[in-house]
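**Q** For reference, the structure I am asking about is given below.
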Amino acid sequence: MATTDLQLTGMSCASCAARIERGLNDLDGVQATVNFAVERAHIEHGPQISEHDLIHAVESTGYHASVVDHSGHGHDHMDHDVPTEQLRPRLIGSAVLAVPVVVLSMVMAWQFPGWLWLVLALTTPIVFWGGYPFHKAALNSARNGASTMDTLVSIGTLAAYLWSLYEVVTGAATHGHGHVYFEVAAAVTVFLLAGRYAEAKAKRSAGAALRALLSLGAKDATVLRDGTEVRIPVGELRVDDVIVVRPGERVATDGVVVDGASALDTSAMTGESVPVDVGAGAEVLGGAVNTYGRILVRASRVGADTQLSRMARMVADAQSGKASIQRLADRVSAVFVPVVLAVAAITLVAWLLAGGSAAAAFTAAVAVLIIACPCALGLATPTAILVGTGRGAQLGVLIKEPQVLETVTGIDAVVLDKTGTVTTGTMSVAAVEAEPGADDDAVLAWAAGVEAASEHPVAAAIVAAARERGLRVPEVSDFANDPGTGVSGVVEGVTVRVARASDDDGRTSVAVTADGTRRGVIRLVDAVKPTSAEAIAELKAMGITPILLTGDNPAVAARVAAEVGIAAENVIAGVLPAEKAEAIKRLQAQGRTVAMVGDGVNDSVALATADVGLAMGTGTDAAIEAGDITLVRGDLRTVPTALRLSSRTLRIIKQNLFWAFGYNVAAIPLAALGLLNPMIAGAAMAFSSVLVVTNSLRLKRFV
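At position 261 of the sequence shown (counting the first as 1) the number is 585 in my numbering, and the numbers step up by one without a gap.
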């Protein structure tokens, strides 16, 4: 199956989105979802369906589409047939004209001979110029045999205007025998324009996080070509190019520092507030800002393969998708407008049959049309997802699919891989225990001298520890490596041997002998990340059980668990990679909803098996692909952050849907019974949409 994303224009409400979705899904072998909030269609289709076929299917429903550019250079996706910048002058102009219309219509003492003709003159441009976006969209839908929110608005305002025009021209209103509704047509148009403008501004604000993420990429870079610095566009970068990054510049792409030292600000991508020190050999991310030193970076990934591009793609995909909770709202929106048109017609007829005046019947019918617009219903879910996933990206939490949000709320157990997740994944010296008469520094220096010739992780840890203490690492001669037992060599005339010793308290141990005499033991550990214990404590405070799952031996697992605060009964050790998924299944069989956190290839099956998989972004590509949520930083504290953000987003969605459903359910009967003035109905409808989007925007303040 191929995947295509289309940018859509011309949509004005959830009914439009539902119509486009039906049109696309009518094609053989096509599975499409249309997101109204981001005006995008995500389509999976067979090779027999071309991009042209998809665009034609959209256009046949009366809308416009173009294929989304995935180059990483994002564009403003908040496009309409009538752009936001055109809504503002229409709103201001209509509001200025509407004030005297409403005042003269409502305050009888200010009415003067011929006032109706003035009100007619002022209302005409409001309805036809100010209301143009609604009438145009309604006409486009009608041409394709469809009805949308704009159909309700257009019919309602035109009906009020034309009825009033008839009353004025025939003289009925002038002689006090008829009713006019110019204030309804004018005020409703202004209120709806205000709502549409506020909604568009809020939607732009909701998508700001993704636009900010896309803007992080450098536009050009300075590379070394044959020893000369050359400035080129980032699109021309190649793997293994050496890039010059000066203070204040952004790193143009992912790579490895080959020369120089500095501190990089990665806060916009990882949420890490403190600049990260880098030197030769350090991996760096494209988009990071160089704070002070000049560094040379060898490009390792370019273009769409960089982490920044992958992050932007994941966020965009999540924002374009749908949570299953949205399906109900979509189904309701799809049939809502035709039902409302029928209810309005029934209201009109019922009032007349009940002996009500034509004016009362007309007022009730127009109120039904205006109050029932399902905008809030269509915006309830996608705006919350838009803001929630955007805020997550700022905090270093990438939610792959919106469906994950509904699973997260039930999580009661988080299974944590040990190496690289709870711990750093690299060995470090925990203690040097010298024999009586020997010196700790001498023992460590001897061991470092021999181990400097080895590439084993234990050797690297010992050499690093010696250098951290400021010790000189002596040269070694006659070096010998006996795999599985240890290494030996002559250091400053002394024959030194470093060999595996019995482990102690879950720590790896090596014994150091000099000229055949044991001089001490060096204890090494896979060091626990400094933030792991804090993260575990936060999970427990949330009522979630942390479980350590590792292939390491029970003694090591017990030591790590005790250090971070995981109970001994929640440690599963000595598990082979293939058995990790089985351990997850056993927990699920006990009735638990399980989240799995891991970073390695051996975690990928377990991540996919868990109800929610959280992959450390510092881990392997296989783990990241298998996970539902990617944690950009290697910091375990982002796990509770991800769970809290997902739960908060789902709660906002439910609040929005409750308001949207409740508003329409309560308001339509009131309007049909004549208890809602159409002008008040218009204001309430506009307010409902703004309320839903504003509620979603509260997620921007999530910490």
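For each residue, glycine too, the CB sits at the ideal point set by N, CA and C.
Find the nearest neighbour of Val673 within the set Lys864, Asp839, Val690, judged by alpha-carbon distance.
**A** Taking the sequence shown and counting its residues from 1, one reaches residue 673 at position 349. Of the candidates Lys864, Asp839, Val690, the one whose C-alpha sits nearest the C-alpha of Val673 is Val690.
**Q** Could you tell me which of Leu330, Ala669, Thr385 sits nearest to His366, measuring between CA atoms?
**A** As a first step, residue 366 is located in the sequence shown; it is residue number 42 there, counting from the start. Among Leu330, Ala669, Thr385, the Cα nearest to that of His366 belongs to Leu330.
**Q** Going straight from the alpha carbon of Phe982 to that of Ala704, what length do you get?
**A** The count along the sequence shown starts at 1 and reaches residue 982 at position 658. The count along the sequence shown starts at 1 and reaches residue 704 at position 380. The alpha-carbon atoms of Phe982 and Ala704 are separated by roughly 9 angstroms.
**Q** From what residue to what residue does the beta strand (DSSP E) around Ile723 run?
**A** On the sequence shown, residue 723 is found 399 positions in, with the first residue counted as 1. From DSSP, the beta strand (DSSP E) with Ile723 extends over 721-723.
**Q** If you run the structure through DSSP and keep just helix, strand and coil, what is Phe360?
**A** Your numbering for residue 360 matches position 36 in the sequence shown. Note: Phe360 maps to coil in three-state DSSP.
**Q** For Met866, does the three-state DSSP call read helix, strand or coil?
**A** By 1-based counting over the sequence shown, the position of residue 866 is 542. Of the three classes helix, strand and coil, the one that applies to Met866 here is coil, per DSSP.
**Q** In angstroms with no decimal places, state the Cα-to-Cα distance between Arg343 and Thr385.
**A** On the sequence shown, residue 343 is found 19 positions in, with the first residue counted as 1. On the sequence shown, residue 385 is found 61 positions in, with the first residue counted as 1. Cα to Cα, the separation comes out at about 7 angstroms.
**Q** Would Val822 and Val836 qualify as a contact pair, given that the criterion is a beta-carbon distance under 7 angstroms?
**A** Here the question's residue 822 lines up with position 498 in the sequence shown. Here the question's residue 836 lines up with position 512 in the sequence shown. Yes. Within cutoff.
**Q** Can you list, in chain order, the residues of its chain whose CB lies under 6 angstroms from that of Ser478, leaving out five sequence neighbours each side?
**A** Against the sequence shown, residue 478 aligns to sequence position 154. The answer, listed in chain order, is Phe458, His459, Ala462.
**Q** Need the endpoints of the alpha helix (DSSP H) that Gly331 sits in, please.
**A** Locating residue 331 in the sequence shown gives position 7, counting from the first residue. Gly is not the amino acid found at residue 331; the sequence shown has Gln there. Per DSSP, Gln331 belongs to no alpha helix (DSSP H); it is in the beta strand (DSSP E), 326-333.
**Q** What's the C-alpha gap between Ala825 and Lys904?
**A** In the sequence shown, residue 825 corresponds to position 501, counting from 1. In the sequence shown, residue 904 corresponds to position 580, counting from 1. About 29 angstroms.
**Q** Around the Cβ of Ala913, are there at least 16 other Cβ atoms within 10 angstroms (buried) or fewer (exposed)?
**A** Position 589 of the sequence shown holds residue 913. With fewer than 16 other Cβ atoms within 10 Å, it is exposed.
**Q** So Asp935 and Thr733 are in contact, right, with Cβ under 8 angstroms, and what is the actual spacing, rounded?
**A** Within the sequence shown, the letter at position 611 stands for residue 935. Within the sequence shown, the letter at position 409 stands for residue 733. In fact, because the Cβ distance is near 11 angstroms, the residues do not count as touching under 8 angstroms.
**Q** Once you ignore the five residues that flank Ala798 on each side, which residues in its own chain have a CB closer than 6 angstroms to its CB?
**A** Along the sequence shown, one-based indexing puts residue 798 at 474. Reading off the sequence shown, one finds Pro at residue 798, where the question assumed Ala. If we look at Pro798 and ignore the five residues flanking it on each side, its Cβ neighbours are Gly773, Val815, Glu816.
**Q** Val600 to Glu607, Cα distance in whole Å?
**A** Against the sequence shown, residue 600 aligns to sequence position 276. Against the sequence shown, residue 607 aligns to sequence position 283. Approximately 11 angstroms, taken between the alpha carbons.
**Q** Name the two residues that bound the continuous alpha helix (DSSP H) containing Asn787.
**A** Here residue 787 refers to the residue found at position 463 of the sequence shown. Inspection of the sequence shows that residue 787 is occupied by Val rather than by Asn. Element bounds for Val787: 781-792.
**Q** In the DSSP assignment, the alpha helix (DSSP H) including Gly986 goes from what residue to what residue?
**A** Residue numbering aside, residue 986 sits at position 662 when the sequence shown is read from its first letter. Per DSSP, Gly986 belongs to the alpha helix (DSSP H) from 962-996.
**Q** Which of the three DSSP states is assigned to His459 in this structure?
**A** Reading the sequence shown from its first residue, position 135 is the one you call residue 459. In this structure, His459 counts as helix in the three-state DSSP scheme.
**Q** Taking the CB atoms as reference points, tell me whether Val582 and Arg618 lie closer together than 7 angstroms.
**A** As a working mapping, residue 582 is identified with position 258 in the sequence shown. As a working mapping, residue 618 is identified with position 294 in the sequence shown. Cβ distance not < 7 angstroms, so Val582 and Arg618 don't count as in contact.
**Q** Does the Cβ of Met751 have 16 or more other Cβ atoms within 10 Å, making it buried, or fewer, making it exposed?
**A** Residue 751 sits at position 427 when you count from the first residue of the sequence shown. It counts as buried.
**Q** Compare the Cα-Cα distances from Asn1029 to each of Thr552, Val382, Arg520, Thr745 and report the closest residue.
**A** Because residue 1029 is not part of the residues shown, which for the chain are 325 to 1027, the question remains open.
**Q** May I ask which residues mark the beginning and end of the alpha helix (DSSP H) holding Glu375?
**A** For the purposes of this step, residue 375 is taken as the residue at position 51 of the sequence shown. Per DSSP, Glu375 belongs to the alpha helix (DSSP H) from 375-383.
**Q** Of the choices Val921, Asp736, Ala755, whose alpha-carbon is the least far from that of Gly867?
**A** For the purposes of this step, residue 867 is identified with residue 543 of the sequence shown, where counting begins at 1. The shortest C-alpha separation from Gly867 is found at Asp736.
**Q** Of the choices Ala769, Ser801, Ala804, whose alpha-carbon is the least far from that of Val787?
**A** Taking the first residue of the sequence shown as 1, we reach residue 787 at position 463. For the residues Ala769, Ser801, Ala804, the minimum Cα distance to Val787 belongs to Ala769.
**Q** For Val511, which option in Asp828, Ile373, Leu482 has the closest C-alpha, if you only look at C-alpha atoms?
**A** Here residue 511 refers to the residue found at position 187 of the sequence shown. The question names Val, but residue 511 is Ala in the sequence shown. Comparing Cα positions, the closest option is Leu482.
**Q** Leaving out five residues before and five after Ala882 in sequence, what residues of the same chain have Cβ atoms less than 8 angstroms from its Cβ?
**A** As a working mapping, residue 882 is identified with position 558 in the sequence shown. Here the set comprises Gly830, Ala892, Val895, Ala897.
**Q** From the DSSP output, in three-state form, read off Pro706 for me.
**A** Locating residue 706 in the sequence shown gives position 382, where the first residue counts as 1. Note: Pro706 maps to helix in three-state DSSP.
**Q** If you count every other CB in all the chains shown that lies within 10 Å of the CB of Gly541, and 16 or more means buried, which is it?
**A** Working through the sequence shown from its first residue, we reach residue 541 at position 217. Gly541 should be labelled buried.
**Q** Report yes or no: do three or more beta-carbon pairs, one from the region 435-442 and one from the region 346-359, lie closer than 8 angstroms?
**A** No, the region 435-442 does not touch the region 346-359.
**Q** Using the beta-carbon count (16 or more within 10 Å), is Leu677 buried or exposed?
**A** Locating residue 677 in the sequence shown gives position 353, counting from the first residue. Label assigned to Leu677: exposed.
**Q** Of the residues Tyr616, Leu863, Gly761, which one's Cα is nearest the Cα of Val918?
**A** Start at 1 with the first residue of the sequence shown, and residue 918 comes out as number 594. Closest by alpha carbon: Leu863.
**Q** Helix, strand or coil for Asn805 per DSSP?
**A** Reading the sequence shown from its first residue, position 481 is the one you call residue 805. Note: Asn805 maps to strand in three-state DSSP.
**Q** Can you tell me whether Ser1013 is buried or exposed, with buried defined as 16 or more other CB within 10 angstroms of its CB?
**A** Numbered from its first residue, the sequence shown carries residue 1013 at position 689. Burial call: buried.
**Q** Does DSSP put Ser395 in a helix, in a strand, or in coil?
**A** In the sequence shown, the residue the question calls residue 395 occupies position 71. With a pLDDT of 48 at Ser395, under the threshold of 50, the modelled position of that residue is not reliable, and no figure is offered here.
**Q** Is it buried or exposed, Ser488, if we count other Cβ atoms within 10 angstroms and call 16 or more buried?
**A** Working through the sequence shown from its first residue, we reach residue 488 at position 164. Its Cβ being crowded by 16 or more others within 10 Å, Ser488 is buried.
**Q** When the cut-off is 7 angstroms and only beta carbons count, does Pro726 lie next to chain D?
**A** Of the protein chains in this structure there is only one, and it is not chain D.
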